[in-house]
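Visitor: When you line the sequence shown up against my numbering, it's residues 338 to 1484, in that order.
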Amino acid sequence: VLISDTLPILLTDLTVTSTLPLTPTGHAWAVGSLPPGAGGIITLTGHVSPALTSELTFTNTATISTPITDTQPANNTSFVVSEVNLPPVVDAGPDASARVGQPFVLSASFTDPGLDDMHTAEIAWGDGLTETIPGVTSLFTVTHVYMTTGVFTVTLWVTDSDGGQGTDSFSFLVFEPTSYVLYLPLLKNFFNESLSVVDVSPTRNNPLVSQQTMLKATYNLREIISDTVHSETFVVQSSLTGRLAGTYYYSWGDDTVSFVPDRPFEPGEIIQATLTTGIGSKTYGCDEVTLPCIIHPDFPTVWHFQVASAGGSGFMQPASPPSFGSGDSSDLGLGDLDLDGDWDAVVTKWNSPAEVWLNDGNQFTPHPVGPEFGTGPNVAVVLGDVDRDGDLDAVLAGPGAESVWLNDGVGNFSSHPASPTFGAGISRDVVLGDVDGDGFLDAVVANTNGEPETVWLNDGTGGFVPHPETPSFGHGASTSVALGDVDSDFDLDLVVANENGEPETMWVNDGEGNFALHPTTPVFGGGASQALALADLDLDGDLDAAVANTGDEAETVWLNDGNGMFSAHPTLPTFGAGNSIALAIGDLDGDHDLDVVVANAGNEPETVWLNDGQGGFAEAGVPPAFGAGSSTALALGDLDGDDDLDVVVANESGETVWTNEEMHVVSTSPAGNGSIVALNGSLTAHFDRPINPGTVHAGTFLVHGFLTGVYAGSFAFPANDTVVFTPNEPFKPGETLFVSLTAGIRSAAQNLPLSSYVWELRGEVLGGSGSFSPNPQAATIDFGNMSDFDLGDFDQDGDLDVVTQKNINAVEYTTLWVNDGLGNYSVNPAQDPLACEASCSFPNNNLGDMDNDGDLDILQTSYFDKRIWINDGNGVFSLIMLENLDAYSLLFAYSLQFGDLDGDGDLDIVAEDYGSLKIWFNDGTGNFPWPPVVIAVEAILPPRALHDFDQDGDLDILWLTQGPEIANIPVMMILKNNGSGDFRVEDVGFFSGAIAFLSSVAVGDLDLDADLDILLSQNLSSPPDQVWLNDGTGHFTLHPVIPGFREGEAHWVDYFHLLDLEGDGDLDSAVYMCAQPAYFTALWVNDGTGIFTSQPSLLDCLNDPSKFTLAYQSGDLDGDGDLDILWHYQIYQSFEFIYKVDIYLNE
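Now the structure itself:
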């Protein structure tokens, strides 16, 4: 019997055969057993089996008996069980490279079923040297230095206690620090060629990163070698889960490498990325990826950023249950310890082992298997993936050696098998970060009593060794230490907080983990400092500092100049005062800046301080304080899964849990999205609790009309939880309305802010037949040779004007044509044409009330600048230049959209850019501060892509991809908003099917069920148009009865208009198509359920083969309540194009 050396041994299907004569008398076999994990002899005692049944099958736990016996005496038989040793399976890692004389760290791993085996590793480096390492663990590292160039084969053998041996090998390239092509020996010096990172995305220190984000790094040289970009050279660490897995992208000949994580980021998560010197590029003019052709960076690149949270108020309410633990707590760390998607906790104790508490989504409970580890006393804990296995480990610090505890992936912690401890001192704090740029998390320990801070480098397995050159620095009464790139050179520097009146100290990193005092401003502050945190408090792209002080001293704010020079905040240098012991930083109120929570000792409550966006802090408008106890630490995380940041506080009497609370909208009238509102109608919102009527006004309840601007009106309160808005003037027929209820609306009792809510409506259309007659006055309108024009009530007289753009001698002139109310147009006499000499354009639908003053403004873009023409309400415009918006993102039609993405009542901008979308948030005045939020998706924005598809009260983004048909590949996706303008991709049911090339997309409530459906068209295939119905949650299925229309027509659809041309309440489809040699339109009429039938004759007036359509728009041009058409076209006459405008009035 052969078994492998696994645990336990199971003997199955064994057979005993009898050769003796038998008589029918009962007998039994007694089956022996073996101890687990070893071979040996099993003895069977009893009689042989019956003659008629010569074979018996049993397991090592079975008892065998029959009613037959033999005539012979009882006998014994036995058999041998022999172990078969399985050798280790070895992974030596990928091919690698390094410079001559540069230490190379081999990170190897192996698996072996023999759990009791000891293992020895032997390495042949290929340069004539070998190395033997006894007692290796399943993940280990070895360092080697090559002194000659060449390509070497590295072979690794791992041998177990039973002699089983596994092996693996890889190629290793060793090159000179200055490698040149042999026939161009002076190339590098001549071109000053050196590989380095010139840009990263997300930007370093960015606190507003989208949950749906890829990481990118751009180098100064093209032709990055793809084989050098992998998980050991582009390392991404998460504060929530440890080292992240994902996919690496690189296009040959490009200068950019990208990493797409396997999961979206989570609110409040901090991400650290390292680009090691192992990434390489080909030198200029080199054709082969060989020794003299590869250039590596001289220094690694390390940067970090924080993922944006959504919503919240900063008002903290006790969770249910409100507490856990027994007290005696000194520190805590939050992270997903068991990798189930929520934030768990490790709590250290003054006099007992550390505790592990798992979050089940509702409460914290002790770990069922390993509820505690280590021994006390411990002062601090930091979580991080120190052994690179994809989960969070723990490092504990206290008055003695630091200890390393490895996580098994489900939250069980065990002492590091080879290096369980490091250091020895009176430690107060410990932090983890990649200080030397090798992709491993190193440790820096802050010590008190005049002891220096110490630097410990990770060997890749979680074993820490002193830095070989600068193992320690500084000395003082240190209490806290923070890592971050404060001098903007892509490595992690250190700021140390000190007590006893000593100042904070600033230490700059040379890129290799050697720390020296800042050369010009080595110190700042000075007091009873207990905690320090680094974050971009004033949103200028660098790391500032917030310091918590005790002894009734105020907290202090220190702003960074970008070079690591800290100075007190110029207007609000301090906030708070008390026995502060700890602080944490995060966006608590969803306004895109970083707030502060302070923990206090001496039975003082914790306090919340909201940022004004410039690093100034004031007490939250909601109750700023919560809790009361002898607090020792606190941490932020989304504990309840609602995308805002909650708080866990460690106390001497037990931990407390506080959730971030808001008020909510529970229903609206008209209900849903895409519903019709009467032109003289009102809007109603119901809340989940009584509201404070004084907080409902024109600044908190806004109605954006895209033909009007923000509507003025009055508010009524028929119940204490209800508000009704009635506009001062009627809504316009067919107008899209976005209603924003902002966080400025507060509850009556607790002053809770509202969780912002946005919903979409359309103005009622009165009458119309879909048949049209021309207005002869239209011939006086001169749109010129540009196709850019749009409709809106610019002079606030209740009718629709036209803004056009015309090119004269390479200068674009924007002209406002005012309506007399009957559809007759003339140039606005009060406004000269707006001139732009920089190839300006305004894509259709780029009108909006950007400054919330009740009129329509114009966004205009060019290659060189971006500008908003601000309306004074009479159609007279003044210019505002936008300095913060990227050039390329805003160039082309449909590449940008307006919408209130963060629910604050103003119009933000989302723009399509290279491989991403960028969002600029409006400050309410028409200015868009830096930085934008970057969403890493290869996206094409269709017209009017911002809608609330999932009915949760915020605007989502529809985006699409185009290309050849591939089965089951989504052609459209929805980026779902979490309420604060942060998005994640969600597959909502669109698949390619027959879709080959998308040409147009339109959104509206096609089946009148108060949610938004989608009409899409493809070209040159059949069926060209498809109706996708929303189930109310943002998931879509093809129309069950007639999923498509225009069957068999092979025309290029340039644009859909969803219009109620008949005044029957449903949306018909006006299709603008190309059928060579002309463009033409056709009308498909909706029956109210999303089934469309053709009525092409209704728009025959537009289908003149001599007229080449440039664009058309619809609206109530003559004030009779139905939708008319404004048509811009060209005619080719006498060898030139003539540009004209027709107006068709709906009869």
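Glycine included, each C-beta is placed from N, C-alpha and C at the ideal position.
Bear in mind that the values here come from a model prediction, so they are computed numbers and not experimental data.
Starting from the C-beta of G670, find all residues in its chain whose C-beta is less than 6 angstroms away, skip the five residues before and the five after it, and write them out in chain order.
Guide: V683, V718 and L720
Visitor: Would you grab the beta carbon distance between D1237 and L1292 for me? Rounded to a whole angstrom, and I think it's under 8 angstroms.
Guide: 7 angstroms
Visitor: Within a Cβ cutoff of 8 angstroms, which residues of the same chain sit near G1212, ignoring the five residues on either side of it in sequence?
Guide: F1131, D1132, D1138, L1153, V1155, N1165, A1167 and Q1168
Visitor: Between G707 and S1077, what straight-line distance do the alpha-carbon atoms span, to the nearest angstrom?
Guide: 49 angstroms
Visitor: Could you tell me the alpha carbon to alpha carbon distance between S415 and G501, rounded to whole angstroms?
Guide: With a pLDDT of 46 at S415, under the threshold of 50, the modelled position of this residue cannot be trusted; read the value that follows with caution. For S415 and G501, the gap between their C-alpha atoms comes out near 28 angstroms.
Visitor: Along the chain, where does the beta strand (DSSP E) that runs through K1069 open and close?
Guide: Where K1069 is concerned, there is no enclosing beta strand (DSSP E), given that its DSSP letter is neither H nor E.
Visitor: H929 lies in the beta strand (DSSP E); which residues open and close that run?
Guide: Careful: H929 lies outside any beta strand (DSSP E) and carries neither H nor E.
Visitor: From what residue to what residue does the beta strand (DSSP E) around D983 run?
Guide: D983 to N988
Visitor: Measure how close the beta-carbons of G774 and F636 come, nearest whole angstrom, since I'm counting them as under 8 angstroms.
Guide: 7 angstroms
Visitor: Do you know whose CA, among D592, P604, A1085 and A582, lies nearest Y610's CA?
Guide: It is Ala, not Tyr, that sits at residue 610 in the sequence shown. Nearest of D592, P604, A1085 and A582 to A610, Cα basis: A582.
Visitor: According to the neighbour-count rule (16 or more other Cβ atoms, all chains shown, within 10 Å of its Cβ), is A970 buried or exposed?
Guide: buried
Visitor: Considering N1465, what are the terminal residues of the beta strand (DSSP E) in which it resides?
Guide: Reading off the sequence, residue 1465 comes out as His, not Asn. Per DSSP, H1465 belongs to the beta strand (DSSP E) from D1461 to Q1470.
Visitor: Taking V482 as the reference, which of D454, G1402, F512 and D453 has the closest Cα?
Guide: F512
Visitor: I'd like the list of long-range same chain contacts for I1207, defined as Cβ closer than 8 angstroms, with 5 residues on each side in sequence excluded.
Guide: M1187, D1188, D1194, F1214, S1215, L1216, I1217 and G1263
Visitor: Using a 10 Å radius around the Cβ and a threshold of 16 neighbouring Cβ atoms, would you call Y1469 buried or exposed?
Guide: When all chains shown are included, Y1469 counts as exposed.
Visitor: Starting from S667, trace the beta strand (DSSP E) in both directions and tell me its first and last residue.
Guide: S666 to G672
Visitor: Just grab the DSSP bridge partners of T1063 for me.
Guide: S1051
Visitor: Counting only the same chain and skipping the five closest in sequence on each side, list residues whose C-beta sits under 6 angstroms from that of F1474.
Guide: Here the set comprises Q1467.
Visitor: Only counting the same chain, and skipping five residues up and downstream in sequence, which positions put a Cβ closer than 6 angstroms to that of N696?
Guide: D679, W680 and D681
Visitor: Classify S1431 as helix, strand or coil using the three-state DSSP reduction.
Guide: strand
Visitor: How many whole angstroms separate the CB atoms of S815 and R765, which I take to be in contact at a CB cut-off of 8 angstroms?
Guide: 6 angstroms
Visitor: Taking DSSP's pairing of strands, which residues face T584 in a bridge?
Guide: V597
Visitor: Could you check which residue in D830, V747 and W742 has the C-alpha nearest to that of D771?
Guide: Per the Cα distances, D830.
Visitor: Mind reading off the beta-carbon distance from P1279 to L1295? Whole number of angstroms is fine, and I expect it under 8 angstroms.
Guide: 6 angstroms
Visitor: Please state the DSSP three-state secondary structure of S446.
Guide: In the structure shown, S446 sits in a strand (DSSP, three-state: E or B).
Visitor: Flag this pair as yes or no: are the beta carbons of F596 and Y586 separated by less than 9 angstroms?
Guide: For F596 and Y586, yes; Cβs fall inside 9 angstroms.
Visitor: At which residues does the beta strand (DSSP E) containing Q643 begin and terminate?
Guide: For Q643, the uninterrupted beta strand (DSSP E) segment begins and ends at T638 to Q643.
Visitor: Report the residue from R436, G1261 and T448 whose alpha carbon sits nearest the alpha carbon of V427.
Guide: T448
Visitor: Taking the CB atoms as reference points, tell me whether T1485 and A1053 lie closer together than 9 angstroms.
Guide: Residue 1485 cannot be examined here, being either before or after the span of the chain that is shown, 338 to 1484.
Visitor: Taking the beta carbon of E836 as the centre, do at least 16 other beta carbons fall within 10 Å, making it buried, or is it exposed?
Guide: Around the beta carbon of E836, 16 or more other beta carbons sit within 10 angstroms, so the residue counts as buried.
Visitor: Using alpha carbons as the reference points, say which of E839, D779 and D745 lies closest to T785.
Guide: E839
Visitor: Using three-state DSSP, classify D564 as helix, strand or coil.
Guide: helix
Visitor: To test your reading of the DSSP string, which unbroken beta strand (DSSP E) runs of 3 or more residues are found completely within the region 698–725?
Guide: Qualifying beta strand (DSSP E) stretches, in chain order: 701–703 and 717–721.
Visitor: Here's the rule: buried if 16 or more other CB atoms are within 10 angstroms of the residue's CB, otherwise exposed. What is W1464?
Guide: buried
Visitor: Just tell me which of V1140, A962, T550 and G1107 has its CA closest to the CA of D1119.
Guide: V1140
Visitor: Since W946 contacts G913 with CB under 8 angstroms, what's their CB separation in whole angstroms?
Guide: 7 angstroms
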